[in-house]
Each structure stands twice: as C-alpha cells, then as structure tokens.
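Chains as they are written, first to last, in this note's numbering: chain A, 132 to 472; chain B, 443 to 681.
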C-alpha cells in the first residue's frame, strides 16, 4: 500500500535524524569529544583515554538518555491530552501534575531553610522523592474528579484551577523563604538534563517505555474518541475508564520527567502537532511512536543548542526549547484560524 | 411486507433524574422501517436516543434488540447492533474520510485495529455506493457539512448493524440536501433492510419520506402512521 510505504520512509528518516542528533549530543559539552572517539567508545576500542570513557558514560550518556526519554514521554503525554480534551492547545501540564511536583520540590527546597541548618544541602534523592509525592497527590485529586465528573470541560477547569492554587502556594512559600533557597528553587524550575546520573537515567527508561507501551494499546479507542464522546459511547467505549487510564499514564510520565528534569515546557504542546503535520494523519497507532521519536529529537536539539550557544556554560534548557517551540505554537494558532472556524 | 422485528421497547421510562415521559414507552421497530422521531424542543428526543445508544441508563423498563435485552450484552457487543450518527461531526485535525469510514469496522477488529481483507472490501463497497470515492483521501476539515454527514452515514452502514440512529441529520443541510439525504436514507432502509430511526425538526420534508412517526408529545411517546400524524391535532395545537 502507498500510505504504508510513505509511513515507513518517514519513520526511517526521523530515526536517522534522531541517531545523528544523538551522536552530535554526545559530542557536545563543556569539552568537545571528537566523533572518532565516540565511535571508538561505541565499538569498544581500547585506545580511548580513561577520561573520555568516564565523561561519556557518566555525563554524556546519562544526559542523552534523559533527554530522549523525557522528550518522548512529554510528547506522548501532550498528544494524549490533546485527544482526551479534544483541544489542540492542551498539553501534559493542563492537569497540574507538574505544578504538584513543583510544590513537592518547593516544600523541600524552600522549607529546608526552616527545618535544617543553613549549611545542609538538600540531596538529589529528596528532590526526586518530593517531586514524585507532589505529582502523585495531584494525580489522585484529578482521578477522583474524573471518576465523579462526566463533562470533560469541567475536568479541564478543575485541572487549571488546581495548577493555579498550587502555583500560588509555591509563591507564598517563596515570599517567606531566604534568597539562597529561592535561587536554587528557581534554577530547578528552569529545567536541567545535566543533574541526572547514569544510574538515575536508567530508572527512567523502563518507566517511560512501559507507560508508552500501555498507552499504545489504547490507540484504537483514542482514534474513536476523536469523533466525539457521545459517538464513542455508541461504539461501546467506557469513556470514564479510558480517561482514568490516560490520566494515570500521562501523570506517571510527566511526573517522572518533572521529578528528574524539572518542568520542561513546550515539547508536549508542540511535538504532537509536528508529528500530525509530518505524517498527515490522526491515527494514534502512527502518532504515538512518531511523537516519541520526534519528541526525543526535539529535546536533543534543545540540549545541543543549550550546550553550544553559550561558551561559558549551559543555557537553561527550558528557555532554549521555548524559543524553539514558540514558532510552532504560533503556527498552530494560525492554522486553526483557517480550519476550525 | 414487513421485515423481522429488530427493536423492542417495553415499559421504558427515560429521563435524567426525573422521568421525561408520563407513561412507560412500548414500541417496536422492524427491519426496513424508516422512522422519524418528532417532538418539540425539550421533550426529550435526544435523551431518548441517548438511552438507546447507552449514554443514559433507562430509569426503568427494557430495550431489546433482535430479541436480546440490552442489559444482557456488553457495550462492545451492542455496537454490533446499533450504530449512531451524531448531528455534528467533530472537526478532527488530519483525519481522512476513508479513516473516518473505517472506524465503522472497529467493533469487529482486534486491539490493534487490524482490518481483514473482508473489512476493507466492505469499506470500499460502501464508499463506492455513496459516491465518496473522489473525496475518500480528503481531510475531514476540507469538505462541506453535507459531505461530512454523508461520510458519517456511510460509516454507520459499514458498521453493519440492524439499527441505525441519527440525531437531527438534517440540521446543517440546505433544503435540497435535506430532501436528497432523506430520500437516500429511505432507499438504504429498504435496500439494505436496516431499521433507521432519526430525530428531525423539518416536518414538511421528513413526512414525505419516512415510513412511521414516533411522536413524543406531552410526555407520551407513541407510534403512528404519517397520515394519522398529518391529520392529527399536533399542528393545530401549537399554532
């Protein structure tokens, strides 16, 4: 079939682009590693300096895996939120999951000044745990609402309100906190792929792969849901449970990514539109893998730029992907003006 | 000759929290019937349709399809018996007409929506019958309301259910398109031997084509012939 062939070609092209970006990403950093040494590392060459081996494994590979997994997870989350809310401007954050994670981190980072001596440093593990607990708390709230409330717009409004309230609580905490803690919290919100160690990044991979695989199983139902909820019920779908499963899956994905990398914006909103545009389809069986690959590639682009644009250090990844992503959001707005209205 | 009885409604009371009908509804419909559900705004036509497709649970009473009570079968099995055409098709980004019509086969496919050769043959057959071959590869957002409606009805036929429900199919169509649509539906009902039930406010057009009227008025839902309906007091009552 013609269309199947075009899908295969497009998938092949984006996978090649992803691999090229991955190699480039490993080269990029505070000291550039030549391409030949990267290939030497991959094929287990023995004449590689121990320094390079250590840098590649502990810093570059960890960063690479984190970027790819985070990009894929956020893009799939954004795609599913856009489908469930049937709103092209929905993203992984509309439910307030990342704000929950932020609140958890804020409690630990900003609150540490109150309970701990100022010299004590908050450990990475405590931040991870706090973000996870915060995200889970918001998830429970959203699930409780979505089991009771039928109307999807009400759920959206609750999600936005929860985000707002949680963000305000964080604001109040910042107001009462000291400068050092506020700064370390603000730096966390800028997002970072560098603070994840190789062993931590390996934890992210199975979580993301399992969740994406689980959600992929619901592609057929999501394709039906695109045509409206009343119609979906007539096709035998249980809308409530489909929502609960999607919300739970998306929350685990975004919660895990936010815990490790901070709240990364724009990817979840922009990448689903890029995949729809490239593959010219609304079929989730195609869009879910496409969003994973393109999301990984998108975040790698952001990572490469954030490490190479400024020679003295690393630019905040959130700022870089926002600048990258904004043109796409504008494009979506213009495109919708023509088609929907 | 009447076809076999496919839909049996017995002692049905529908509504939200409170019943919308004063008397329990007892109706039946047969294959080949082309029934127009008539009622003023707010009488509960949509609730009635929603009860039939399973969005709303009946407050009491029983609906059975081809002799099987609805409560006894799963939601998925039910989609083998009833297909539904909403009044407005959602504008879905990047969805082709053929994909939309193919959704009609999804009650029969596996979890990965893999369609067999037979499934695809049915889809192609109805695309041809409906004259949609030229626009089968167009996007939903690129075609007119009338064409979208037609595609949605084509999808319902592809689902191969004995009963097809349509919620105000004429709402977004011009006068000629309405006539054309209802005459097509009438032909489908008899040629394909399906039972088609639609709600409609365009009574002049609807009464020309439908085989029966289900009149929902004053909390009572009854079946009547088109002549009885036209000669009854429904029109004079609300002048």
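In this text, a Cβ means the ideal position worked out from N, Cα and C, and glycines have one as well.
- The Cβ-Cβ distance between residue 346 (chain A) and residue 380 (chain A) falls below 8 Å.
- Here residue 663 (chain B) really is in contact with residue 467 (chain B); their C-beta atoms are around 5 Å apart, less than 8 Å.
- The C-alpha of residue 321 (chain A) is placed about 7 Å away from the C-alpha of residue 450 (chain A).
- Taking a beta-carbon distance threshold of 8 Å, residue 422 (chain A) does not count as an interface residue toward chain B.
- In the assembly as shown, residue 558 (chain B) is an exposed residue. Its beta-carbon has fewer than 16 other beta-carbons within 10 Å.
- Taking the C-beta atoms as reference points, residue 603 (chain B) is found nearer than 8 Å to residue 522 (chain B).
- Residue 543 (chain B) is a Cβ neighbour of residue 597 (chain B), given a cutoff of 8 Å.
- Note on residue 137 (chain A): under 16 other CB atoms within 10 angstroms of its CB, so exposed under the neighbour-count rule.
- At a cut-off of 8 Å, the C-beta of residue 610 (chain B) has no neighbouring C-beta in chain A.
- In this structure, DSSP gives residue 640 (chain B) an extended state, which the three-state scheme calls strand.
- Judged by DSSP in its simplified three-state form, residue 669 (chain B) adopts helix.
- If you draw a straight line from the Cα of residue 319 (chain A) to the Cα of residue 198 (chain A), it comes to about 16 Å.
- For residue 257 (chain A), the closest alpha carbon among the candidates A:232, A:274 and A:272 is that of A:232.
- If only uninterrupted alpha helix (DSSP H) runs of at least 4 residues are considered, those enclosed by the segment 540-587 of chain B are 559-571.
- Under the 8 Å Cβ criterion, the segment 606-624 of chain B does not count as touching the segment 548-566 of chain B, having fewer than three qualifying pairs.
- Residue 416 (chain A) reaches chain B at 554 and 555, counting residues in chain order whose Cβ is nearer than 8 Å.
- Remark: C-beta atoms of residue 261 (chain A) and residue 293 (chain A) do not approach each other more closely than 8 Å.
- For residue 371 (chain A), there are no neighbours in chain B by C-beta distance under 8 Å, as the nearest C-beta there is about 12 Å away.
- Counting the other CB atoms within 10 Å of its CB gives residue 404 (chain A) a total of 16 or more, which places it among the buried residues.
- Sorting B:671, B:477, B:451 and B:532 by C-alpha distance to the C-alpha of residue 587 (chain B) places B:532 at the top.
- For a Cβ distance threshold of 7 Å, residue set 545 and 548 of chain B lies close to residue 355 (chain A), ordered along the chain.
- Using a Cβ-Cβ cut-off of 7 Å, residue 359 (chain A) is close to 528 and 532 of chain B, given in chain order.
- Below 8 Å, enough C-beta pairs join the segment 385-396 of chain A and the segment 217-224 of chain A to call them touching: three or more.
- With a 10 Å radius around the Cβ and a threshold of 16 neighbouring Cβ atoms, residue 538 (chain B) comes out buried.
- Judged by their CB atoms, residue 622 (chain B) and residue 647 (chain B) are not nearer to each other than the 8 Å cut-off.
- For residue 366 (chain A), the closest Cβ of chain B is nearer than 8 Å.
- Of the candidates A:201, A:440, A:146 and A:156, A:201 places its Cα closest to the Cα of residue 338 (chain A).
- Chain-order list of chain B residues neighbouring residue 190 (chain A): empty, with the shortest C-beta distance near 39 Å, by a criterion of under 8 Å.
- By the criterion of at least three beta-carbon pairs nearer than 8 Å, the segment 424-439 of chain A is in contact with the segment 398-415 of chain A.
- Look at residue 541 (chain B): its C-beta is under 8 Å from a C-beta on chain A.
- Here residue 277 (chain A) is actually not in contact with residue 207 (chain A); their C-beta atoms are around 19 Å apart, not less than 8 Å.
- Here residue 504 (chain B) carries a strand assignment [DSSP, helix/strand/coil].
- Counted as a single uninterrupted DSSP element, the beta strand (DSSP E) harbouring residue 476 (chain B) occupies residues 476-481.
- Taking C-alpha positions only, residue 470 (chain B) is separated from residue 674 (chain B) by approximately 21 Å.
- Nearest neighbour of residue 394 (chain A) by Cα position, chosen from A:316, A:417 and A:255, turns out to be A:316.
- Chain B places no beta carbon closer than 8 Å to that of residue 218 (chain A), leaving this residue out of the contacts.
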